[in-house]
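Asker: This is the structure I want to talk about, given as structure tokens.
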Amino acid sequence: MTTKNILVVCGTSVATSTVVKEALKEKLPERGLDIGTIAKAKATEAPGKVSSGNFDLIVTTTQLNQDKFDIPVIHTTAFMTGIGQDEVLDDIAAALED
Numbered sequence: 001m002t003t004k005n006i007l008v009v010c011g012t013s014v015a016t017s018t019v020v021k022e023a024l025k026e027k028l029p030e031r032g033l034d035i036g037t038i039a040k041a042k043a044t045e046a047p048g049k050v051s052s053g054n055f056d057l058i059v060t061t062t063q064l065n066q067d068k069f070d071i072p073v074i075h076t077t078a079f080m081t082g083i084g085q086d087e088v089l090d091d092i093a094a095a096l097e098d
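At position 64 of the sequence shown (counting the first as 1) the number is 64 in the UniProt record's numbering, and the numbers step up by one without a gap.
Here's what the structure looks like:
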């Protein structure tokens, strides 16, 4: 399996994205995924960071115009509420499969 890189996006790239990043670092390897970089960005920074070609997926807690990205975008608040985390992790795993 190829190492996958994830960009976590929230409004200010401070608290919410940190919670999501830490949850992904903990939970995704448990699902057998080879995760490389999990970076954070503000919503306004996301297009520029994704254009580098270094990311395979965006996980966001804020609305993004998905048409601006050529990689999958998963919008979720599950890591903040605790509701639906397993389903979102399944969606993330599916999006990252080769």
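Even glycine gets a Cβ: it sits at the ideal position worked out from N, Cα and C. Values in this document were obtained by computation on a predicted structure and should not be read as measured data.
Identify every run of the alpha helix (DSSP H) within the UniProt domain "PTS EIIB type-2" (4-98), keeping only runs that are complete inside it and at least 4 residues long; order them along the chain.
Answerer: Listed in chain order, they are 15-27, 46-50, 78-81, 85-96.
Asker: Are Ile38 and Leu96 closer than 9 Å when you measure CB to CB?
Answerer: No.
Asker: Can you tell me which of Ala43, His75, Thr44, Asn54 puts its alpha carbon nearest to the alpha carbon of Gly36?
Answerer: Comparing Cα positions, the closest option is Asn54.
Asker: Within a Cβ cutoff of 8 Å, which residues of the same chain sit near Thr60, ignoring the five residues on either side of it in sequence?
Answerer: Contacts found: Val8, Val9, Cys10, Ala43, Ala46, Val73, Ile74, His75, Thr76.
Asker: Taking the alpha carbon of Phe79 as the reference point, which residue from Val20, Thr12, Thr2 has its own alpha carbon closest?
Answerer: Considering only alpha carbons, the answer is Val20.
Asker: Would you kindly work out how many angstroms separate the C-alpha atoms of Asp70 and Lys49, rounded to a whole number?
Answerer: Roughly 12 Å between the two C-alpha positions.
Asker: Between the Cα of Asp86 and the Cα atoms of Gln63, Lys27, Ser51, Thr16, which residue gives the shortest distance?
Answerer: Of the listed residues, the one whose Cα sits closest to Asp86 is Lys27.
Asker: What is the rounded straight-line gap between the Cα of Leu24 and the Cα of Gly32?
Answerer: Looking at the two C-alpha atoms, the distance is approximately 12 Å.
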